[in-house]
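A.B. asks:
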Amino acid sequence: MASLNSSSHGSHAAETTVALHGLQAPAQILRDKWGVPHVRASETADVFFLNGHVHAQDRMWQMEAALRRAIGRFAEWAGPTALPGDRLARQLGVEAASRRDFDALVPTTRAMLEAYAKGVNAWIDAGCTAPEYQLLNASPIRWEPWFSVAVMRQRGLLMGSVWFKLWRAAALGTVGPETLPLLRYDSGGKERFIFPQGPEGDRLSADLEALRPGIEALSGGAPEDATVGGSNNWAVAGARTATGMPLVAGDPHRQYEIPGMYSQLHLSGPEFDAIGFSVPGVPGFPHFCHTERVAWCVTHSFADIHDLYVEAFGDGGTRYRTENGWADATIRQETIAVRGAAEEAVTVTETRHGPVIAGNPAEGTALALKSVQLFETDRSLDCLLPMLKAPTLDTFYNACRGWGVIDHNLVGADRDGHIGVLVRAVVPERDRSNGWLPMPGWTGRHEWRGTIPFERMPRQINPDQGHVVTANNRLVAEDHPDYLTTDCHPTTRATRLVQRIERSASLTAGDMIEFLRDTDSAPAREIAARILGADVAESRGLLAALAAWDGRMDPGFIAPTIYYQIRQEMTRILARQSGLAGASSHPFAQPAPGIPALNQLWWTLPNLLRADDTQLLGGATWREVIREAVATVAAGPIPETWGQAHLPIFVHPLSHLFPDSPGAAAPTSDPTGGDGDCVLATGGFPAQGTRSVYGPVARYVFDLADWDNSRWIVLHGASGHPGDPHYSDQNPLWARGEMIPMPYTAAAVEAHAASRICFHPA
2 MASLNSSSHG SHAAETTVAL HGLQAPAQIL RDKWGVPHVR ASETADVFFL
52 NGHVHAQDRM WQMEAALRRA IGRFAEWAGP TALPGDRLAR QLGVEAASRR
102 DFDALVPTTR AMLEAYAKGV NAWIDAGCTA PEYQLLNASP IRWEPWFSVA
152 VMRQRGLLMG SVWFKLWRAA ALGTVGPETL PLLRYDSGGK ERFIFPQGPE
202 GDRLSADLEA LRPGIEALSG GAPEDATVGG SNNWAVAGAR TATGMPLVAG
252 DPHRQYEIPG MYSQLHLSGP EFDAIGFSVP GVPGFPHFCH TERVAWCVTH
302 SFADIHDLYV EAFGDGGTRY RTENGWADAT IRQETIAVRG AAEEAVTVTE
352 TRHGPVIAGN PAEGTALALK SVQLFETDRS LDCLLPMLKA PTLDTFYNAC
402 RGWGVIDHNL VGADRDGHIG VLVRAVVPER DRSNGWLPMP GWTGRHEWRG
452 TIPFERMPRQ INPDQGHVVT ANNRLVAEDH PDYLTTDCHP TTRATRLVQR
502 IERSASLTAG DMIEFLRDTD SAPAREIAAR ILGADVAESR GLLAALAAWD
552 GRMDPGFIAP TIYYQIRQEM TRILARQSGL AGASSHPFAQ PAPGIPALNQ
602 LWWTLPNLLR ADDTQLLGGA TWREVIREAV ATVAAGPIPE TWGQAHLPIF
652 VHPLSHLFPD SPGAAAPTSD PTGGDGDCVL ATGGFPAQGT RSVYGPVARY
702 VFDLADWDNS RWIVLHGASG HPGDPHYSDQ NPLWARGEMI PMPYTAAAVE
752 AHAASRICFH PA
């Protein structure tokens with residue numbers, strides 16, 4: 002572990018001494034030239050105390066914003082625009098679930114959360130604040146230990162399957178059951194599976210007979226006029242690297258909200274020495290980290306952990322039907338305070354499956370959500386401390402038993418040379434038909450049969466290929482003994498990464514950085530070829546630019562913009578011709594933040610085009626669709642270079658209230674390449690134009706041969722405070738796909754230190 006003796010290293014870092022009430026022994030926080038904190042303490046409780054203290058110092062407002070979003074109190078700050086999210090949080094009962102989960106944690110975990118909260122409150126007690134609090138005329142809330150449970154839950158709340166099921170439920174009345182299987186993400190042609198690594202296969206389609214109960218249950222709830230983030234990670238075994246030791250790399254993809262979701266942090270104490278991306282509001286490293294022995298990282302696995310049930314209500318919504326007769330619904334009233342507006346009363350209705358999140362029970366039919374994230378006690382945070390202490394990859398994976406707050410592909414490596422991947426999730430056992438649609442809640446035939454045992458969750462150590470790759474692609478073939486997932490992202494990014502890894506047997510950390518900025522788009526080449534083959538008359542050189550293009554979404558090119566705009570127009574035409582443009586207004590598509598039809602159909606289009614499937618085109622052909630789309634783009638403004646057209650949009654949650662205030666102004670970003678189909682997954686939402694609105698909010702490379710050779714980056718900077726020198730100083734490097742040093746050993750931390758605070762107990 003790192004030494005507390007600063008003078009022995011001869012550092013020239015500026016040094017201050019601070020007395021801190023609540024600290025048990027002397028400790029230090031060193032910050033490097035990028036403002037990243039490196040915490041050193043001789044007591045484990047002090048490590049987490051200072052973990053909370055530096056999180057508060059850098060990200061207090063962000064922490065409280067995440068808490069308020071979790072428990073449905075963000076509208077108190079953000080006004081009416083936050084009401085839909087607050088309403089959903091109240092319906093879900095996140096506060097009650099988080100309090101329940103905290104009470105169930107083991108004593109060591111509770112002690113960790115209590116120490117963290119004391120560190121946060123020590124910062125607050127010193128009279129500190131942040132620019133956003135000044136704008137809101139507010140003060141930081143004193144942190145309670147259970148808050149961290151709520152923040153961890155909020156960061157992955159309802160990610161995944163629930164939105165696909167709601168989308169198909171909303172679309173069913175328009176497209177009918179026969180074409181329902183088309184409403185699914187692009188498969189990329191052949192799908193690459195994560196377990197086992199390597200094989201590809203065809204995707205099975207829906208069994209309409211198995212879906213009939215859901216279709217019939219939904220038919221009563223549809224109007225007669227029938228009018229929803231991804232990541233990369235990988236590990237390479239020593240046999241494929243220049244050093245003979247593993248390399249681990251990747252990037253989490255999220256919307257570009259400011260401050261960014263992750264903060265860089267190094268925690269060194271008597272029981273562990275760990276560095277990685279932390280989640281402000283939560284101690285330790287849930288997602289991306291390395292210790293002295295083990296490195297780990299995650300992608301969203303898209304395991305199906307959410308089910309929807311069509312509930313039949315009677316007596317004005319106070320009772321609901323079951324296979325054993327009628328049962329009383331649980332009904333409670335919530336009141337939401339709203340900044341600048343009247344408070345809103347919310348009636349929450351719950352059945353045995355969970356809360357109603359769509360539809361109106363008083364009208365006889367509504368959808369209830371049963372989610373692993375909320376239904377039963379979750380002990381995910383009990384994993385955090387054992388993860389930090391695990392000496393090998395296998396023991397690390399065993400330490401993750403019970404993690405259910407969000408589902409992950411957990412890729413890792415250890416200093417013994419092992420690499421591997423585990424699905425870290427709690428997944429219900431039930432029928433595969435539950436994965437497509439909401440199912441009838443009154444038959445008793447679509448219920449959970451417990452959860453898949455941890456021992457059966459897919460795990461693979463040291464695959465023969467010498468690498469593991471995940472990119473939100475399919476977990477297993479659909480004939481796997483356990484039902485795990487229905488929807489996932491295309492296999493495109495995973496396939497591209499495997500291709501690049503397998504080209505070399507002497508890979509370096511620099512190669513990993515290069516892979517992360519890969520802008521090659523196989524779907525772009527495929528769709529551009531189809532556009533060029535549609536026999537469209539040339540107009541303004543658009544098609545000539547496409548014909549000379551190799552499919553790389555590079556910022557200096559115009560062809561990517563042309564391709565993207567034409568694909569957008571094709572998606573709009575598909576939405577119009579299919580009638581699905583109106584599906585976004587269906588009650589089942591309304592849970593916050595809503596489900597834009599264009600965003601869903603953007604990912605459906607490639608499969609339809611590949612198969613020349615015209616069932617959703619209302620009598621049109623794809624050639625006609627392409628011709629119309631090209632003509633529309635040709636009639637519009639001259640396309641910009643991709644770097645300008647796809648410029649990232651960073652958004653601060655208060656910018657709509659204080660548009661002219663520096664305290665709520667998100668930093669601008671330099672241009673970057675990529676799109677949602679590239680490894681450099683800087684995606685956009687088709688309903689909002691060509692700008693990039695989500696992507697790699699962080700990147701990392703862990704070099705197990707030399708921890709100090711590891712690299713990392715975040716999208717703006719270490720600080721969450723506008724005006725701070727470290728608010729956006731990493732962005733130019735991030736935009737170019739570069740990274741900054743990740744010093745780990747005591748000597749490296751000292752060499753990079755720009756400041757030092759020596760704390761002692763008050």
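Under this note's numbering, think of the first position of the sequence shown as 2, with each following residue one higher. Virtual Cβ for every residue (Gly too), placed ideally from N, Cα, C. Since we're looking at a predicted model, the values are computed, not measured.
1. Using the Cα positions of Arg-628 and Glu-539, report the straight-line distance between them to the nearest angstrom.
2. What number of angstroms, rounded off, separates the C-alpha of Met-743 from the C-alpha of Pro-454?
3. Specify the secondary structure class of Cys-679 as computed by DSSP and reduced to three states.
4. Using the Cα positions of Asp-512 and Thr-486, report the straight-line distance between them to the nearest angstrom.
5. Let me know if Gly-557 comes out buried or exposed under the rule of 16 or more other beta-carbons within 10 Å of its beta-carbon.
6. Rounding to the nearest angstrom, what Cα-Cα distance links His-727 and Ala-346 in this structure?
7. If you check the beta carbons only, do Phe-303 and Asn-435 fall under 8 Å apart?
8. In chain order, what residues of the same chain have a beta carbon less than 7 Å from the beta carbon of Thr-82, not counting five sequence neighbours either side?
9. Assign Asp-59 to one of three DSSP states: helix, strand, or coil.
10. Please state if the CB of Asp-678 and the CB of Ser-505 are separated by a distance shorter than 8 Å.
11. Helix, strand or coil for Lys-390 per DSSP?
12. Which whole runs of the alpha helix (DSSP H) in the stretch 564-630 are 4 residues long or more, in chain order?
13. State buried or exposed for Arg-450, treating a residue as buried only when at least 16 other CB atoms are found within 10 Å of its CB.
14. Between the Cα of Asn-600 and those of Gln-616, Asp-613, Gly-620 and Arg-568, spot the shortest distance and give me the residue it belongs to.
15. Taking the alpha carbon of His-761 as the reference point, which residue from His-13, Ala-42, Ala-15 and Ser-662 has its own alpha carbon closest?
16. Per DSSP, what are the beta-bridge partners of Thr-323 in this structure?
17. Where do the ends of the beta strand (DSSP E) carrying Lys-166 lie?
18. Is DSSP giving Gln-500 helix, strand or coil here?
19. When we look at the beta-carbon of Val-594 and count the other beta-carbons within 10 Å, is it buried (16 or more) or exposed?
20. Kindly indicate which three-state DSSP category Gln-92 falls into: helix, strand or coil?
21. Do Pro-284 and Ser-99 count as a contact pair if the criterion is CB distance below 8 Å?
22. Tell me which residue opens and which closes the beta strand (DSSP E) that Pro-132 is part of.
23. Start and end of the beta strand (DSSP E) containing Ile-714?
24. Measuring straight from C-alpha to C-alpha, what distance separates Glu-225 and Glu-335?
25. Measuring only the C-alpha atoms, how far is Arg-460 from Val-422?
26. Report the rounded CA-to-CA distance for Glu-96 versus Arg-624, giving the unit in angstroms.
27. For a test of the three-state rule: what should DSSP assign to Gly-122, helix, strand or coil?
28. With three or more beta-carbon pairs closer than 8 Å as the criterion, would you say the stretch 257-267 touches the stretch 276-295?
29. Leaving out five residues before and five after Ala-367 in sequence, what residues of the same chain have Cβ atoms less than 7 Å from its Cβ?
30. Could you say which of Glu-133, Pro-672 and Gly-413 lies nearest to Asp-704 if we only look at CA atoms?
31. For Asp-725 and Ser-670, I'd like the C-alpha separation in whole angstroms.
32. Label Ser-372 either buried or exposed according to how many other C-beta atoms from any shown protein chain fall within 10 Å of its C-beta, with 16 as the threshold for buried.
33. Any contact between the stretch 387-401 and the stretch 323-338? By contact I mean 3 or more CB pairs, one from each, below 8 Å.
34. Of the residues Leu-106, His-647 and Gly-619, which one's Cα is nearest the Cα of Thr-691?
35. Tell me whether Thr-562 is buried or exposed, calling it buried when 16 or more other Cβ atoms sit within 10 Å of its Cβ.
36. Relative to the alpha-carbon of Glu-351, which residue among Thr-319, Thr-471 and Trp-62 has its alpha-carbon at the smallest distance?
C.D. replies: In short:
1. In the sequence shown, the residue the question calls residue 628 occupies position 627. In the sequence shown, the residue the question calls residue 539 occupies position 538. Using only the alpha carbons, I get a separation of about 11 Å.
2. The residue you call residue 743 lines up with position 742 of the sequence shown. The residue you call residue 454 lines up with position 453 of the sequence shown. About 37 Å.
3. Here residue 679 corresponds to residue number 678 of the sequence shown, with the count starting at 1. Coil.
4. Taking the sequence shown and counting its residues from 1, one reaches residue 512 at position 511. Taking the sequence shown and counting its residues from 1, one reaches residue 486 at position 485. C-alpha separation (whole angstroms): 32 Å.
5. Mapped onto the sequence shown, residue 557 falls at position 556. By the neighbour-count rule (16 or more Cβ atoms within 10 Å), Gly-557 is not buried but exposed.
6. Sequence index remark: in the sequence shown, residue 727 carries index 726 (1-based). Sequence index remark: in the sequence shown, residue 346 carries index 345 (1-based). Near 41 Å, if we compare the C-alpha coordinates of Ala-346 and His-727.
7. Within the sequence shown, numbered from 1, the residue matching residue 303 stands at position 302. Within the sequence shown, numbered from 1, the residue matching residue 435 stands at position 434. A distance of 8 Å or more separates the beta carbons of Phe-303 and Asn-435.
8. As a position in the sequence shown, residue 82 is number 81, starting the count at 1. Non-local beta-carbon contacts of Thr-82 in its own chain, meaning distances under 7 Å to residues more than five positions away in sequence, involve His-657 in chain order.
9. Taking the sequence shown and counting its residues from 1, one reaches residue 59 at position 58. Three-state result, Asp-59: helix.
10. What you label residue 505 is simply residue 504 of the sequence shown in a count that begins at 1. What you label residue 678 is simply residue 677 of the sequence shown in a count that begins at 1. Contact: no.
11. The residue labelled residue 390 in the question sits at position 389 within the sequence shown. Collapsing the DSSP output to three states places Lys-390 in a helix.
12. As far as the stretch 564-630 is concerned, its whole alpha helix (DSSP H) runs of at least 4 residues are 598-611.
13. As a position in the sequence shown, residue 450 is number 449, starting the count at 1. Arg-450 is exposed by the Cβ-count criterion.
14. Mapped onto the sequence shown, residue 600 falls at position 599. The residue with the shortest Cα to Cα distance from Asn-600 is Arg-568.
15. Position 760 of the sequence shown, counted from the start, is the residue given in the question as residue 761. Closest by alpha carbon: Ala-42.
16. Along the sequence shown, one-based indexing puts residue 323 at 322. The partner list for Thr-323 (beta bridge, DSSP) reads Gly-326.
17. Taking the sequence shown and counting its residues from 1, one reaches residue 166 at position 165. Looking at the DSSP string, Lys-166 is not in any beta strand (DSSP E); the run it does join, the alpha helix (DSSP H), is 162-176.
18. Your numbering for residue 500 matches position 499 in the sequence shown. Gln-500: helix per DSSP, three-state reduction.
19. Position 593 of the sequence shown holds residue 594. What sits at residue 594 in the sequence shown is Pro, not Val. With fewer than 16 Cβ atoms within 10 Å of its Cβ, Pro-594 is classed as exposed.
20. Counting from 1 along the sequence shown, the entry for residue 92 is found at position 91. In the structure shown, Gln-92 sits in a helix (DSSP, three-state: H, G or I).
21. What you label residue 99 is simply residue 98 of the sequence shown in a count that begins at 1. What you label residue 284 is simply residue 283 of the sequence shown in a count that begins at 1. No. Outside cutoff.
22. Here residue 132 corresponds to residue number 131 of the sequence shown, with the count starting at 1. Where Pro-132 is concerned, there is no enclosing beta strand (DSSP E), although the alpha helix (DSSP H) it sits in stretches over 132-137.
23. Locating residue 714 in the sequence shown gives position 713, where the first residue counts as 1. Residues 712-715.
24. Position 224 of the sequence shown holds residue 225. Position 334 of the sequence shown holds residue 335. Reliability fails at Glu-225, whose pLDDT of 29 lies under 50, so the model's placement of it is uncertain and the value that follows must be treated cautiously. If I take the Cα positions, the gap works out to 32 Å.
25. Position 459 of the sequence shown holds residue 460. Position 421 of the sequence shown holds residue 422. In a straight line, the C-alpha of Arg-460 is about 6 Å away from that of Val-422.
26. In the sequence shown, residue 96 corresponds to position 95, counting from 1. In the sequence shown, residue 624 corresponds to position 623, counting from 1. Their Cα atoms are separated by approximately 52 Å.
27. Residue numbering aside, residue 122 sits at position 121 when the sequence shown is read from its first letter. A small fix is needed here, since residue 122 is Asn in this sequence, not Gly. Correct three-state label for Asn-122: helix.
28. A contact exists between the stretch 257-267 and the stretch 276-295.
29. Numbered from 1 along the sequence shown, position 366 holds the residue referred to as residue 367. Counting only Cβ-Cβ distances below 7 Å, and skipping sequence neighbours, we find Glu-312, Phe-314, Val-357, Ala-359, Gly-360 and Asn-361.
30. Here residue 704 corresponds to residue number 703 of the sequence shown, with the count starting at 1. Measuring from the Cα of Asp-704, the nearest candidate turns out to be Gly-413.
31. Here residue 725 refers to the residue found at position 724 of the sequence shown. Here residue 670 refers to the residue found at position 669 of the sequence shown. Here the C-alpha atom of Asp-725 lies approximately 16 Å from the C-alpha atom of Ser-670.
32. Against the sequence shown, residue 372 aligns to sequence position 371. Ser-372 should be labelled buried.
33. no
34. Taking the sequence shown and counting its residues from 1, the one referred to as residue 691 is at position 690. Checked all of Leu-106, His-647 and Gly-619; the closest Cα to Thr-691 is His-647.
35. To locate residue 562, count along the sequence shown from 1; it is residue 561. So Thr-562 counts as buried.
36. On the sequence shown, position 350 is the one that residue 351 refers to. For Glu-351, the closest C-alpha among the options Thr-319, Thr-471 and Trp-62 is that of Thr-319.
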